[in-house]
Amino acid sequence: MSLDISANGRPVDKGKGRAVEPPTERTPLIPPASSSLSSSVADIELSHTQSRRPLLHKLLYVFFISLLCCVVAIVALALLAWSYAARASDLSPDAIINDGLVFEGPSRVDVLNMSDTGGIWARIEGRIGLDVGGVIGVNSDDQDNLVLDLWKSLGRWGIRKMDRVSVHISSVHVVSEQDERLATITIPSQEIAITADPPADLSWLQPIFTTVFIQPTTNGSVLKSFVQEAWREGSFALKINIGEVAVEGGNLGGASWKHNLHRKFTDVNTVIQLIIPSLPGLPQPGRNVPFPPLTDLINLESFSVTAVNDKLTLKACATIIDPAPSSFNFTLPPLPFVVSLPPDVPIANVTTESFTTTHPNITLQITGSVLPLPSGSSPVLSVFLSRYLSALPNPITISTPLVSNLSVDAVFPGPQPRPKVLRNVTIHDMKIKPRGSIFLASGTVFARVVLPKGMDIDLDVSHVLPDVLVFDGEPPQSNAVLPDPLPDHAFAHIQPDEWLESKCVPAGSDEDGGSAFAVSAKIEEAPLEVLPGRQKEFSNFVSKVIFGTDGALAGLVGTVAVLVDVPGLPSEDDSLQLDGLPFQGSVRVGKKSMFSFTEWFPLL
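If you use the numbering used here, the sequence shown corresponds to residues 63 to 666, in order.
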């Protein structure tokens, strides 16, 4: 093939191709595409179509493979979730409480307030946690195979992501094994931290601070018998009934996805059994050992009675053994109590001041006032005061208006050492004269009455009734009121047949006592009985009086009963009668005390 160049410089093809017709008037300005061009375009489109088909196949392959993987993953996750949900749905409240819930404490209890019906608002501090891994069985185990370990690992991961749950509880009813209601507790909604694979110690527990309302039973005897029986057994069991418990994931009031996971339990019943540990200052519980009496737990440090505005006010300080561990703190607000004398005579309203536990003993500050005495109760109070002034203990009962039918027996101790209430006892102008076969004594008895330390009150001793042994010489130093057998030198017994009117005036107080009074009473010809077998001692005494230069010293030992009016002690009865008040004294008897010698000589 050759190439020719035309006049305009363009090459002219020559060959066997079809000749090109010269243009005419019918030739279009834009010639149609040549067949060769169309063929080229078609080839290009075909090649593009052929190249897109493998790509589409690849995309469809990837899509279906991804879809299959997603379906498999969803199914796997669903099965995994179902396996965990199945475990969770089979959980019983007992399993959660006994195997998963851990509470340490309480470390502090503050009683904030108490209602008139005995309800208690208390703030409780402690530490709490829920081992969900242990409950649903996903905690790690060295014996697990690879698949089970992987399954548990995913469960533990989910628990840690959840972190905590919110618990909403209806009222908690606590009853004894005998189905006697002990208390109803209202607990606000709580957040509880959850975990899996917790450490062996309790370091994983989280602090909890909550305020609960406790409504004890109004039958105090039920509480008392429950405590006594639990102490004898050394343990106790509590039946817990909760109407509804709702648990949901996440924080209280939150709105995250965690709250979509929830579970509700209804009519929850469980039994909590606890062993009473050894408590400092108390006997070992169990083995049928009775609960120690209140007297063994409380020690009265001081006691005082003061008259203020015609009202008798009381103050006392007592210590009580704190049996709780040193890590436990307990705070109580002021509590009201009623002190009664048996059989059932209320004599005082008292209130303990707010206190916090201290170790080893708790100090109680007590204030109160004496109540108006019911009609016919004066003898009961008289016996109490007589024993107290003689340093003897008195039985009392303590109750509180907060809990009905609950009373605790206690002992009110007498003052130690024994107070000397009657001091400087003597008889002025004592005269002894015979009348037939008997002797009569006359004179004026003087004594100083000193109340025990802390008793700063007014009183009026209106009548006295002495019971006296007369000695030749100083009386013996003995704690016995009327010694038996009679000591040496005792020769006579004086006891008036009737009460003697007395005068009582305030006197200066002694350092070792409370209020003091000077009391005097006249004896008019009271019988003087020579003791059996003591005629010789009596004759010797009379001889000393008649023939001695200074007469003879007569020792006096005995007791006296007094009738007392106490301002500020409202009572519908007569005066209080205090019996058996001991005394010792002496009086010097001279010749003038014997009246006519001619009457005595035949008796000597």
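All residues carry an ideal CB built from backbone N, CA and C; glycine is no exception.
If you check the beta carbons only, do residue i and residue j fall under 8 Å apart?
i: F365; j: A386; result: no
i: A616; j: F533; result: yes
i: R485; j: R510; result: yes
i: T393; j: V412; result: no
i: T459; j: P398; result: no
i: Q268; j: G191; result: yes
i: T381; j: I424; result: yes
i: P594; j: D471; result: no
i: S448; j: G642; result: yes
i: V624; j: A578; result: no
i: P395; j: N175; result: yes
i: P514; j: P558; result: no
i: I256; j: V274; result: no
i: M224; j: K320; result: yes
i: I585; j: A453; result: no
i: T621; j: P589; result: no
i: I231; j: I249; result: yes
i: V530; j: I494; result: no
i: G162; j: I276; result: no
i: I338; j: S402; result: no
i: L435; j: S633; result: yes
i: G576; j: M517; result: yes
So the alpha helix (DSSP H) residue i belongs to, where does it begin and stop?
i: W293; result: 282–295
i: D211; result: 208–224
i: R449; result: 440–451
i: V197; result: 194–198
Helix, strand or coil: which one does DSSP assign to residue i?
i: Q427; result: strand
i: N160; result: helix
i: H525; result: strand
i: V512; result: strand
i: D358; result: helix
i: P155; result: helix
i: F603; result: helix
i: E124; result: For clarity, residue 124 is Val in the given sequence; the question names Glu instead. Residue state, collapsed to three classes: helix.
i: N201; result: coil
i: F609; result: helix
i: N456; result: strand
i: N175; result: strand
i: N303; result: strand
i: N322; result: helix
Note down, in chain order, each residue of its chain lying with its Cβ closer than 8 Å to the Cβ of residue i, except the 5 sequence neighbours on either side.
i: L244; result: V236, V237, S238, P278, T279, V284, L285, F288, L300
i: P352; result: Q290, W293, R294
i: S648; result: T488, E536, P537, L615, A616, G617, L618
i: W662; result: Note that W662 has pLDDT 46, beneath the 50 cutoff, so the model's placement of it is unreliable and no number is given.
i: F417; result: T393, L394, I424, T425, L426, Q427
Note down, in chain order, each residue of its chain lying with its Cβ closer than 6 Å to the Cβ of residue i, except the 5 sequence neighbours on either side.
i: F271; result: E187
i: D522; result: C566, D627
i: V592; result: A554, F600
i: P549; result: P538
i: T328; result: E306
i: N281; result: N467
Determine the extent of the beta strand (DSSP E) in which residue i is found, giving its start and end residues.
i: L638; result: 638–651
i: G316; result: From DSSP, G316 is part of no beta strand (DSSP E); its letter is neither H nor E.
i: V483; result: Premise fails: V483 is in no beta strand (DSSP E) and is neither H nor E.
i: N371; result: Taken as a continuous stretch (DSSP letters only), N371 belongs to no beta strand (DSSP E), as it is neither H nor E.
i: P341; result: Rather than Pro, the amino acid found at residue 341 in this sequence is Leu. Note, L341: premise wrong, no beta strand (DSSP E); not H, not E.
i: G620; result: 614–627
i: H235; result: 234–237
i: I409; result: 407–414
i: N391; result: 391–394
i: D471; result: 465–474
i: P398; result: 397–403
For residue i, which residues in the same chain have their Cβ closer than 7 Å to its Cβ, ignoring the five residues on either side in sequence?
i: S388; result: H421
i: W219; result: none
i: D172; result: A184, R185, T393
i: T332; result: P155, D156, I159, I302
i: H490; result: G505, T506, F508
i: D259; result: G195, N201, S202, R218
i: V103; result: Because V103 sits at a pLDDT of 49, beneath the cut-off of 50, its placement in the model cannot be relied upon, and the following sentence gives the value as read from the coordinates. Answer for V103: no residue qualifies.
### Query
Which runs of the alpha helix (DSSP H), 4 residues or longer, sit entirely within the region 532–601?
Here no run is fully enclosed.
### Task
Pick out the complete beta strand (DSSP E) segments inside the region 247–282, 3 residues or longer, and give them in chain order.
You should have 252–257, 268–278.
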